[in-house]
Amino acid sequence: MGITTITGPGTAAVVRTAEWARLTGLVRAARDGRPAIVELTGDPGAGKTRLLTALAQEARAHGVTVLHGRCTEAETRVPFHPLVQALTIWQSTAARPGAETSATAALVDALTDLPPGAEQGTWRSPFLAQVRRLLAAGPAAAPAGALLVLDDFHWADPGSAGLLETLIRWPLDRGLMVVVAHRPRQAPVPLRALLQQGGELGAVETIGLGALTEEQCGALLGPGPGHPELKSLYARSGGNPLYLKALAEAGAQTGDALDLWTSSALGARLLAETALLGDAARTVVHAAAVLGSVFDIDAVAEVAGTTRDEACRELSGLRRRDLVRATDRPGVLAFRHPLLRGCLYADADPCWRSAAHRRARDRLTRLGLPALDIAPHIERAGAGVRPADGEVLAAAARTCVQAGRAADAAHWLTAAFRLWRRTGDGGDAGGPRTELWKQVVRALAGEGDAEGVMALRADILAGPDGRTPDVRARTAAFLAAVLAGTGHDEGAQALLAAELPAAQAASAGAGLLLRVHQQLAKVLAGQVPARTDVEVLAHRTDGADPVTLGGALSLAGLCAVLDADMCAAEMSLDAAAHALDELDTGRPAGDAEAGHLLVLGWAEALMGWYGPAYGHAERALTAARDRGDAHLLPPLLDTLGYVHYQSGRLADALGAVREGTAVARAMGRGDHAALSDAVSAAAWAQLGRTSPRPAPAPAERTAPEPRTPLNALLLAEAALASGEPGAALALLLPEREAWRVAEPVAVFAARNYELLAAAAVQTGAGADSLDVWAERATEAASAVGLVEQSGHALLARGHALMGRELPAEAATCYEEARLLFGDASPTGARARELARAAGQMSDRREDSGLGELTLREREVAELAGEGLKTKDIAGRLRVSPRTVDVHLTHIYSKLGVNSRAALVRLMALAG
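In structure tokens, the structure reads:
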């Protein structure tokens, strides 16, 4: 854990600042000769003893005499036990003045050699007056005052309580401060009444230690407010320092490790409170612990095997000990804290405990209580389970799924599977249904809990869905897809590899299904399958069912697209679409079918076939949502978001990726969240706005967000649309280490080079570098032969022409690109705007006559328009001044001007 527990006694003063200030102020008053009696109250574990220990250290440091006595339950009949203990220890610690020593010795003798009639409780007598006088002459006579601490006074003997009453009624005239610490729920009524009356008389000052605030808990444990673990620890501890410390030290080990609390310091302390319980009371408290932190009297009686009257009587005694407390419901009690219940549960005999759970199960079943109330008792019933108990465990799992508690659902599902195996009910009705375990697996996937899915897989495959080879293969394929979709590719591949030999031996179809899913799992995990492996599958699909056939062909098409083999990609994707579209009869796509539609839709999007890509991805998304296939949602929403963006449906794109980002972050899929963020940034930029900053992911769900070539392209488009060409260059140039990306994949290469050229134009790069990007874009577009990439090549060519100040030619390229992209897409809109701007520039130049100038004459005219002299122009162009004058003569003639000033004005108007 990230929390460090501070255990020194001084920490009590750090967090209990108000109480500490009052106590130390009273100590200072005692030093000045003013007596005081303080009542310090608080629940067990509130920190009374720790605070008093710190107070004693502080008092000693300032020369105050300190006496410390503690009451115990075993010594409640020993008269004056805490005072005798305190005096005896004080006597033995150091030499005292003669008067103090003799008075203290006489006081100890008086308290240990009681007068006749003491056993009858006649404490209001000259004897108590004598004790008071000896106390004043002994410890209270110390020069710097004295502090008498009487801890756990709720267990005080009658004599000590009588002496306290005497000191309250007749206070000493010396600097003696008496601190009486007790648990108010366990203190006898006479003691509470005495202290209350003393408070009303002004003789007793009461200081109560309530629950710590969250801020105080943070100070006690170390991390400070806002630590992610602190809020949970605070809620579970109820602000009790003892429980807070125990929970912080235990960390996550708070499940069924029965020796966790009993073997710890906390367990020893809590169980010590039960040391003097009788057999009947111990049986009742153990029965209550079996029932849980909250229980009713009738249930305790039945589980303990006793009568209601007997249980009620023993529970009343437990209430007086503050082990259990009343609730706001009649007949219902609760343990003081769940940790106390845990200690008492672990303290019970294991065999008795199992039998008690069976009795609890029978009672709760008879009363018709919900499955979640009965399931814990079935789980711990030992050998007495019945086949019907499996249905209760399954119902508990189903309830947890519906409540969004995936981990609890998995727990009860596992218990149901194991009970089914124990009872041997192997019929068709035995074991959790397919529908149930798939619900649980999907719920785990929605939380990104791949480990939870891994833990379930063995039980699932050992159940009814692992009996026949074909069903077992489909089950393994589904589990592998879920594992891969939650980022656990190693687990997915290990599962499929383990199942493949038996599946291949059983049937060719089952073996092919698993081999196709091996490649599908790689895609779902964010990897690219080897094209050779996929092509082998695509050529061995004879007799395959349409779903598996469509999946193999979709994978082959995707690999071909990424390998720039567009002819093979087109053939495979057309065949895959034909196979999968024939299955679209109005029913939702199946588990495997939805995964293959995802691959097909993404491959089509890379080809620029946005219409088919949308149809296939939307069909898969509808099915995934209906079933709750969370492992498919991030890639499907990314696919749809990208398709919407490329098609110019920016609002739809933003809606898809907003949902995709939330799902991906909840599952810990940083790669999908990064793509969603990139699409979002590009779409917002096209709308002229900045993408909202995504909410930070919880620390435990944080995952790396790789900057892939596609992400870089989208973010570069956003930067360009926002007027930040430098940021676009930083994203796309491989040599920029701060934003390094891989060389562009072939299907995106022309787009990559075009964006580089566009950014270079805006940053004023030279014409030569623009020509390089344009040539690379043309080569890349020719290599893939895709319409969209050809459009990017035309845009890049236009950028290069603009760099050479040929706006008319550039406008032609931009217009041709617009026709390829269409007006709806963001790139088409950008091409249209570029064509318009280039056309306007060309028109201005034609109107000014600049179009008649040669390239060199235009360079001279522009420099002269900037106000440079002939000598400076010659130096800039590396020619002689005479050559510049010749060019200026030609320029004047062509433009119809006769002076340098007129040329400057004309160039300014031409822009």
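First residue of the sequence shown? That's 22 in the working numbering, and the numbers climb one at a time after it. Quick reminder that beta carbons are idealized off the backbone N, C-alpha and C, glycines included.
Could you give the distance in angstroms between the alpha-carbon of residue i and the alpha-carbon of residue j?
i: T295; j: H307; result: 11 Å
i: E79; j: W41; result: 11 Å
i: E591; j: G578; result: 7 Å
i: H203; j: G326; result: 35 Å
i: A82; j: Q237; result: 26 Å
i: L516; j: A501; result: 7 Å
i: G547; j: G571; result: 20 Å
i: A267; j: D692; result: 39 Å
i: A596; j: L574; result: 7 Å
i: R536; j: L807; result: 31 Å
i: L76; j: S253; result: 31 Å
i: T489; j: P522; result: 14 Å
i: D563; j: A531; result: 13 Å
i: V620; j: M628; result: 12 Å
i: G512; j: A542; result: 10 Å
i: N261; j: R387; result: 38 Å
i: L604; j: H378; result: 51 Å
Can you tell me where the alpha helix (DSSP H) holding residue i begins and where it ends?
i: G90; result: G90 -> not in any alpha helix (DSSP H); beta strand (DSSP E) instead, spanning T86 to R91.
i: G506; result: P490 to G506
i: H398; result: A392 to E400
i: G352; result: Taken as a continuous stretch (DSSP letters only), G352 belongs to no alpha helix (DSSP H), as it is neither H nor E.
i: E226; result: E226 -> not in any alpha helix (DSSP H); beta strand (DSSP E) instead, spanning V225 to L230.
i: T74; result: K69 to A82
At what residues does the beta strand (DSSP E) containing residue i begin and finish?
i: A167; result: A167 to D172
i: L708; result: Per DSSP, L708 belongs to no beta strand (DSSP E) and is neither H nor E.
i: R346; result: V345 to A347
i: Q57; result: According to the sequence displayed, residue 57 carries Ala and not Gln. Looking at the DSSP string, the run of the beta strand (DSSP E) that includes A57 is A57 to G63.
i: L212; result: It is not in any beta strand (DSSP E) - L212 instead sits in the alpha helix (DSSP H) that spans V210 to L222.
So what does DSSP say about residue i, is it helix, strand or coil?
i: F101; result: coil
i: N690; result: Going by the sequence as given, residue 690 is Arg instead of Asn. Coil.
i: H358; result: coil
i: R195; result: coil
i: T682; result: helix
i: D317; result: strand
i: V934; result: Residue 934 is absent from the model: the chain starts at 22 and stops at 932.
i: V918; result: coil
i: E323; result: helix
i: H637; result: helix
i: H509; result: coil
i: V568; result: helix
i: L805; result: Reading off the sequence, residue 805 comes out as Val, not Leu. Of the three classes helix, strand and coil, the one that applies to V805 here is helix, per DSSP.
i: V900; result: coil
i: A437; result: helix
i: H203; result: strand
i: A310; result: helix
i: R37; result: coil
i: Q514; result: helix
Please go through the same chain and pick out, in chain order, the residues whose beta-carbon is closer than 6 Å to the beta-carbon of residue i, but skip the five residues on each side of it.
i: I481; result: W458
i: E836; result: A856
i: D792; result: A821
i: W834; result: First, the amino acid is wrong: residue 834 is Cys here, not Trp. Closer than 6 Å at Cβ, skipping near neighbours: L815, R818 and G819.
i: Y255; result: E235 and C238
i: A161; result: A167, L193, R195 and L197
Can you give the beta carbon distance from residue i to residue j, rounded, assuming they're within the 8 Å contact cut?
i: A704; j: A683; result: Actually they do not touch by this definition, with Cβ atoms about 16 Å apart.
i: A471; j: H509; result: 4 Å
i: P730; j: V766; result: 6 Å
i: G747; j: T784; result: 6 Å
i: L287; j: L360; result: 7 Å
i: A829; j: G812; result: The pair is not a contact, with the Cβ atoms about 20 Å apart (cut-off 8 Å).
i: A232; j: A310; result: A232 to A310, Cβ: 24 Å. No contact.
Looking only at its chain, what residues have a beta carbon closer than 8 Å to the beta carbon of residue i, apart from the 5 residues adjacent to it on each side?
i: P211; result: A182
i: Q151; result: A131
i: S375; result: R401, A402, G403, A404 and G405
Might you give, ordered along the chain, the residues of its own chain that have their beta carbon closer than 7 Å to the beta carbon of residue i, omitting 5 neighbours on each side?
i: V503; result: V462, A466, V474 and H652
i: V413; result: A392, I395, A396 and I399
i: E323; result: R380 and R384
For residue i and chain B, any beta-carbon pair shorter than 7 Å?
i: A483; result: Judged by its chain identifiers, the structure shown contains no chain B, having just a single protein chain.
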